[in-house]
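Here it is in structure tokens:
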């Protein structure tokens, strides 16, 4: 039964929680920063599960006691109190069970991290670049409503507006766990600004969301990195085209290249470029984890298949359709202004349902 599973898991979790509590005060662990960070993270993940299980246990025991009163107590006043308590507590139990089942499912270990968000204009030429600019505006508005912050690392503007490519770092609590659902190909159907006949065209932009690698996630050998400097272009003031402040880093073993030109300071651009490089190298390994998930699931919600068409934005009908979960709404204007939380919430519910099936809880 579900209750036996929950209560038995609680005992194991408590033992692990106490073990971690002791370890994180051990001088040997404190001296090993990587181990300390990992244990502290696990401690924070287990804490809310134990609190939820304890609450469940209290409700479960109170129900058992109320049933015992009804079965054995002769005093009608006590029996009535027990009936009232049962009426209040019994509906709560299945709700608590479902909440705890979700808590028991292992989270993606990267969900709490900051993210690198990359938007590229795809098929459709100038219109694709303009659409990439529209997506950037949509995401930055959404980021602001969440109280997160963002920094643009690099950008390449389109000839008629928008961006051929733009890369930004998004900073906040649980950023990757929320934005990861946006990875994939976004298709737009509308009359382009450059169209004189009024015909609807289809173009696309790709979005990639990567969890930001922390310093302890990957060790970089600086001898494997080639550093180039060049003059920055685009917004940034008079000095932007006259000083070699922009940085390009090439990781020789993997061939990964990143660049940053957002800051006037070469040192700041180097630090930001190094962060992004670390993230992209880390994601080579992380992609294997995503591929493993994709092989197990019938539908792909957040598997990181960045070549999959995930969403269509139809301007003539004012419609947005997310093809992964057959989600369709007709508020395109608000959506493009950053009102995308409802869609993300539906994706989270769909993924949680899949994870529950996998867990057999």
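In the numbering used here, the protein residues as written are -19 to 341.
Where is the CB? At the ideal position from N, CA and C, for every residue including glycine.
Reference residue 379, options 291, -9, 28, 298, closest by Cα: With the chain covering only -19 through 341, there is no way to say anything about residue 379.
Whole-number beta carbon distance between residue 180 and residue 86, since they are thought to touch under 8 Å: Working through the chain shown from its first residue, we reach residue 86 at position 106. Working through the chain shown from its first residue, we reach residue 180 at position 200. Actually they are not in contact, since the Cβ atoms of residue 86 and residue 180 sit about 44 Å apart, beyond 8 Å.
Cut-off 8 Å between Cβ atoms - residues of its own chain near residue 336, not counting five sequence neighbours on either side: Counting from one through the chain shown, the residue named residue 336 turns up at place 356. Counting only Cβ-Cβ distances below 8 Å, and skipping sequence neighbours, we find 81, 82, 85.
Residues bridged to residue 208 (per DSSP): Mapped onto the chain shown, residue 208 falls at position 228. Its beta-bridge partners are 228.
Enclosing beta strand (DSSP E) for residue 294 [first to last residue]: Against the chain shown, residue 294 aligns to sequence position 314. 289 to 294 is the extent of the beta strand (DSSP E) around residue 294.
Cβ pair residue 53, residue 62 closer than 9 Å: Within the chain shown, residue 53 is the residue found at index 73, counting from 1. Within the chain shown, residue 62 is the residue found at index 82, counting from 1. Cβ atoms of residue 53 and residue 62: closer than 9 Å.
Residue 342: first and last residue of the uninterrupted beta strand (DSSP E) it sits in: Residue 342 lies beyond the residue range present for the chain, which begins at -19 and ends at 341; the question has no answer from this structure.
Nearest-angstrom beta carbon gap, residue 92 and residue 154 [assumed within contact, 8 Å]: Along the chain shown, read from residue 1 onward, the residue named residue 154 stands at position 174. Along the chain shown, read from residue 1 onward, the residue named residue 92 stands at position 112. Their Cβ separation, rounded to whole angstroms, is 5 Å, which keeps residue 154 and residue 92 in contact under 8 Å.
According to DSSP, residues forming a beta bridge with residue 136: Taking the first residue of the chain shown as position 1, residue 136 is located at position 156. According to DSSP, which records beta bridges pairwise, residue 136 is partnered with 145.
Residue span of the beta strand (DSSP E) that contains residue 242, given as start and end: As a working note, residue 242 is residue 262 in the chain shown. Residue 242 -> no beta strand (DSSP E), and no H or E assigned at all.
Sequence-distant residues of its chain with Cβ nearer than 6 Å to residue 300 (five each side left out): Counting from 1 along the chain shown, the entry for residue 300 is found at position 320. Only 293, 309, 312, 315 meet the Cβ criterion.
Three-state secondary structure (DSSP) of residue 7: On the chain shown, position 27 is the one that residue 7 refers to. Here residue 7 sits in helix by DSSP.
Chain-order list of residues whose beta-carbon lies under 8 Å from that of residue 303 (same chain, five-residue window excluded): By 1-based counting over the chain shown, the position of residue 303 is 323. Correct list, in chain order: 289, 290, 291, 292.
Three-way DSSP call (helix, strand, coil) for residue 87 in this model: Here residue 87 is taken as the residue at index 107 of the chain shown, counted from 1. It is coil, neither helix nor strand.
Three or more C-beta pairs below 8 Å linking the region 223 to 234 and the region 248 to 266: yes
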